[in-house]
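Undergrad: Residue numbers (my numbering): 221 to 527. Ideal Cβ placement from N, Cα and C applies to all residues, glycine included. Sharing a structure below in structure tokens format, with a few things to ask.
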Ligand SMILES: [Zn+2]
């Protein structure tokens with residue numbers, strides 16, 4: 221894809237929106253360039269808001285250009301910027317999905333669950349043992365695949381153009397999705413409207429306040445062409461509570477334990493020697509547990525919030 225981008229650049233020099241001069245979250249005009257990310261075919265700049273801490277790609281890629289990322293090449297790992305296709309490794313991913321569902325079900329035993337950015341519907345498949353599942357997926361390649369499995373419960377589109385009734389879900393999950401959205405305020409408000417009273421929103425995204433993100437600066441791997449919105453933990457918690465969410469809880473690095481992560485990693489193993497990776501994964505997991513106040517060692521986090 222960004223393999224295709226060179227031709228796109230030549231045919232359409234203007235792949236960026238106009239640069240904005242205010243923060244998309246709090247409208248403050250005190251924004252400044254934090255990083256210029258140069259390791260991709262198309263360099264881009266991430267600004268930081270001095271008032272609320274929100275970070276965002278500015279200027280950001282146009283919607284049509286962003287849509288061009290999420291092709292078959294993105295999902296099969298054959299693009300410069302790509303995603304791990306869960307379909308071939310489902311039995312390994314299953315460990316993480318089940319572990320997450322176990323924690324979710326400590327709060328909500330069953331009911332309607334919506335996964336935003338459901339890709340091929342792997343997580344929904346695991347969740348369907350306990351919940352009536354639905355999904356939203358903007359990529360045609362992944363969304364149509366999920367639709368074959370779950371029918372009209374999958375909306376191929378976005379939070380802006382779905383027809384799910386409000387107050388209709390008890391759980392909404394957004395796993396590594398919020399950072400892809402150009403308008404996260406709208407997304408959080410829409411999740412609030414879609415949830416029933418007492419419903420749970422689960423968000424996984426990077427915490428830009430974590431020492432990992434701070435130390436690595438522009439080398440931090442999370443700065444990717446598809447990532448438009450970056451949250452410090454405090455900023456996300458403040459947004460959730462401004463929209464009306466309560467009982468906001470953050471987990472470091474994730475809400476479940478180490479073992480499911482180790483099992484998932486086996487999906488990438490090619491030889492017995494790969495078990496050495498378990499040391500690194502375990503170290504990262506336990507180092508992530510060191511946090512106090514707003515200080516966090518790593519940038520992995522999962523947030524739970526209730527309506
Ligand atoms: Zn701001």
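Quick one, what's near ligand 1 if you take every residue whose CB is closer than 5 Å to any heavy atom, in chain order?
TA: Counting every residue whose Cβ lies closer than 5 Å to a heavy atom of ligand 1, we get 243, 245, 246, 248, 269, 271, 272, 274.
Undergrad: Applying the criterion that 16 or more other CB atoms from any shown protein chain within 10 Å of the CB defines a buried residue, is residue 287 buried or exposed?
TA: Per the 10 Å Cβ criterion, exposed.
Undergrad: Which residue spans inside the stretch 307-359 form an unbroken alpha helix (DSSP H) run of at least 4?
TA: Fully enclosed alpha helix (DSSP H) runs of 4 or longer: 310-327, 342-347.
Undergrad: Inspect the CB distances between the stretch 516-524 and the stretch 469-486 and report whether three or more fall short of 8 Å.
TA: Yes, the stretch 516-524 is in contact with the stretch 469-486.
Undergrad: Would you decide whether residue 492 is buried or exposed? Buried here means 16 or more other CB atoms lie within 10 Å of its CB.
TA: Classification of residue 492: exposed, given that the 10 Å Cβ count is below 16.
Undergrad: Quick check: the Cα distance between residue 289 and residue 427, rounded to an integer number of angstroms?
TA: Going by the C-alpha atoms only, they are around 24 Å apart.
Undergrad: Closest to residue 316 by CA distance: which of 484, 508, 504, 502 is it?
TA: Measuring from the Cα of residue 316, the nearest candidate turns out to be 484.
Undergrad: Express the C-alpha separation of residue 445 and residue 222 in angstroms, rounding to a whole number.
TA: Unreliable placement is indicated for residue 222, whose pLDDT of 47 sits below 50; no coordinate value is reported for it.
Undergrad: Hey, which unbroken runs of the beta strand (DSSP E) at 3 residues or more fall wholly within the stretch 428-467?
TA: With a minimum length of 3 residues, no continuous beta strand (DSSP E) run stays inside the stretch 428-467.
Undergrad: Which residue wins for smallest C-alpha separation from residue 526, given the options 370, 383, 414?
TA: It is 414.
Undergrad: Check the C-beta distance from residue 422 over to residue 356 and give it rounded, since I have them as a contact under 8 Å.
TA: Actually they are not in contact, since the Cβ atoms of residue 422 and residue 356 sit about 15 Å apart, beyond 8 Å.
Undergrad: Can you tell me where the alpha helix (DSSP H) with residue 259 in it begins and where it stops?
TA: Premise fails: residue 259 is in no alpha helix (DSSP H) and is neither H nor E.
Undergrad: Let me know the secondary structure DSSP gives residue 269 once reduced to three states.
TA: Strand.
Undergrad: Mind reading off the beta-carbon distance from residue 416 to residue 387? Whole number of angstroms is fine, and I expect it under 8 Å.
TA: Confirmed, about 5 Å.
Undergrad: Does the contact criterion of 3 or more C-beta pairs under 8 Å hold for the stretch 494-510 versus the stretch 330-337?
TA: At 8 Å Cβ cutoff, the stretches do not touch.
Undergrad: Quick check on DSSP: helix, strand or coil for residue 388?
TA: Coil.
Undergrad: Determine the extent of the beta strand (DSSP E) in which residue 374 is found, giving its start and end residues.
TA: First-last of the beta strand (DSSP E) with residue 374: 374-376.
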